[in-house]
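In the numbering used here, the protein residues as written are 160 to 268.
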(Lines of atoms letter the chains of each structure in order from A; the text may use other names.)
(Lines give C-alpha, C1' and ligand atoms only; values in the text may rest on other atoms or scores of the structure.)
Protein backbone atom coordinates (compact mmCIF):
# COMPACT_ATOMS: atom_id res chain seq x y z
CA UNK A 160 0.00 0.00 0.00
CA UNK A 161 1.36 3.39 -0.98
CA UNK A 162 -0.10 6.62 0.36
CA UNK A 163 0.65 9.54 -1.93
CA UNK A 164 0.76 12.95 -0.26
CA UNK A 165 0.34 16.11 -2.28
CA UNK A 166 -0.36 19.81 -1.87
CA UNK A 167 -3.03 21.29 -4.12
CA UNK A 168 -4.04 24.91 -4.61
CA UNK A 169 -7.28 25.60 -6.45
CA UNK A 170 -7.88 29.34 -7.00
CA UNK A 171 -10.95 28.51 -9.11
CA UNK A 172 -12.49 26.69 -6.09
CA UNK A 173 -11.09 29.13 -3.54
CA UNK A 174 -9.26 26.52 -1.49
CA UNK A 175 -6.03 24.67 -0.90
CA UNK A 176 -5.59 21.14 0.38
CA UNK A 177 -3.20 18.48 1.53
CA UNK A 178 -4.36 15.20 0.02
CA UNK A 179 -3.31 11.75 1.19
CA UNK A 180 -4.46 9.12 -1.32
CA UNK A 181 -4.17 5.33 -1.03
CA UNK A 182 -3.33 4.18 -4.55
CA UNK A 183 -4.73 0.67 -3.95
CA UNK A 184 -8.11 1.37 -2.36
CA UNK A 185 -8.69 4.93 -3.55
CA UNK A 186 -9.26 5.98 0.09
CA UNK A 187 -8.55 9.63 0.72
CA UNK A 188 -7.81 11.89 3.71
CA UNK A 189 -7.87 15.60 2.90
CA UNK A 190 -7.13 18.67 4.97
CA UNK A 191 -8.59 21.76 3.31
CA UNK A 192 -8.70 25.48 3.93
CA UNK A 193 -10.26 28.39 2.06
CA UNK A 194 -7.77 30.74 0.44
CA UNK A 195 -7.14 34.13 2.08
CA UNK A 196 -10.29 36.20 1.79
CA UNK A 197 -12.55 33.14 1.62
CA UNK A 198 -15.50 32.79 4.00
CA UNK A 199 -13.76 30.19 6.20
CA UNK A 200 -10.12 31.11 5.61
CA UNK A 201 -9.52 31.18 9.36
CA UNK A 202 -10.30 27.47 9.87
CA UNK A 203 -9.50 24.13 8.27
CA UNK A 204 -11.54 21.00 7.69
CA UNK A 205 -10.94 17.33 6.97
CA UNK A 206 -12.78 15.14 4.50
CA UNK A 207 -12.58 11.80 2.74
CA UNK A 208 -12.99 13.65 -0.55
CA UNK A 209 -16.55 12.32 -0.83
CA UNK A 210 -17.79 13.10 2.69
CA UNK A 211 -19.01 16.24 4.36
CA UNK A 212 -16.27 18.41 5.81
CA UNK A 213 -15.52 18.27 9.53
CA UNK A 214 -14.06 21.55 10.82
CA UNK A 215 -11.40 21.63 13.54
CA UNK A 216 -11.07 17.85 13.48
CA UNK A 217 -7.33 17.36 14.01
CA UNK A 218 -6.40 17.40 17.70
CA UNK A 219 -2.71 16.97 16.98
CA UNK A 220 -0.38 15.60 14.35
CA UNK A 221 3.22 14.59 14.04
CA UNK A 222 5.71 13.43 11.47
CA UNK A 223 8.25 10.69 12.07
CA UNK A 224 10.45 10.54 8.98
CA UNK A 225 7.99 9.59 6.19
CA UNK A 226 5.16 8.61 8.58
CA UNK A 227 2.39 11.11 9.31
CA UNK A 228 0.06 10.56 12.27
CA UNK A 229 -3.13 12.49 12.98
CA UNK A 230 -5.25 12.31 16.12
CA UNK A 231 -8.78 13.29 15.13
CA UNK A 232 -11.94 14.07 17.06
CA UNK A 233 -14.96 11.75 17.29
CA UNK A 234 -16.86 13.23 14.32
CA UNK A 235 -13.88 12.83 12.01
CA UNK A 236 -13.09 9.38 13.40
CA UNK A 237 -16.52 8.19 12.21
CA UNK A 238 -15.48 9.08 8.65
CA UNK A 239 -12.53 6.72 8.97
CA UNK A 240 -14.12 3.62 10.47
CA UNK A 241 -14.02 4.83 14.07
CA UNK A 242 -10.23 5.30 14.11
CA UNK A 243 -9.21 8.28 16.22
CA UNK A 244 -5.56 8.01 15.09
CA UNK A 245 -4.72 7.86 11.41
CA UNK A 246 -1.15 6.81 10.69
CA UNK A 247 0.48 6.13 7.36
CA UNK A 248 3.78 6.22 5.50
CA UNK A 249 3.71 8.84 2.77
CA UNK A 250 5.29 8.97 -0.64
CA UNK A 251 5.23 12.66 -1.65
CA UNK A 252 3.95 13.70 -5.05
CA UNK A 253 5.09 17.05 -6.46
CA UNK A 254 6.52 18.21 -3.09
CA UNK A 255 9.09 16.99 -0.60
CA UNK A 256 8.13 15.56 2.79
CA UNK A 257 9.48 18.74 4.42
CA UNK A 258 7.32 20.92 2.15
CA UNK A 259 4.29 18.75 2.88
CA UNK A 260 4.91 19.11 6.62
CA UNK A 261 5.31 22.90 6.28
CA UNK A 262 1.98 23.12 4.42
CA UNK A 263 0.35 21.03 7.17
CA UNK A 264 1.72 23.35 9.86
CA UNK A 265 0.30 26.35 8.03
CA UNK A 266 -3.11 24.84 7.24
CA UNK A 267 -3.66 23.43 10.74
CA UNK A 268 -2.87 26.57 12.75
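Positions of the beta carbon are idealized from the N, C-alpha and C atoms, including for glycine.
Residues of its chain near residue 233, where Cβ-Cβ distance is below 8 Å and the 5 sequence neighbours each way are ignored: For the purposes of this step, residue 233 is identified with residue 74 of the chain shown, where counting begins at 1. Taken in chain order, the residues that qualify are 243.
Three-state class that DSSP yields for residue 199 in the structure shown: Sequence index remark: in the chain shown, residue 199 carries index 40 (1-based). Coil at residue 199, not helix or strand.
Segment contact, 8 Å Cβ cut-off, at least three pairs: the segment 246–254 with the segment 210–227: yes
Alpha-carbon to alpha-carbon, residue 215 and residue 202: Working through the chain shown from its first residue, we reach residue 202 at position 43. Working through the chain shown from its first residue, we reach residue 215 at position 56. Those two C-alpha atoms are separated by around 7 Å.
Same chain only: Cβ atoms within 8 Å of residue 169, ignoring 5 sequence neighbours per side: Mapped onto the chain shown, residue 169 falls at position 10. Excluding residues within five positions, the ones whose Cβ falls inside 8 Å are 175, 176.
According to DSSP, residues forming a beta bridge with residue 224: Residue 224 sits at position 65 when you count from the first residue of the chain shown. Residue 224 pairs with nothing; no bridge assigned.
Contacting residues, own chain, Cβ-Cβ under 6 Å from residue 180 (five flanking each side not counted): On the chain shown, residue 180 is found 21 positions in, with the first residue counted as 1. Closer than 6 Å at Cβ, skipping near neighbours: 163, 187.
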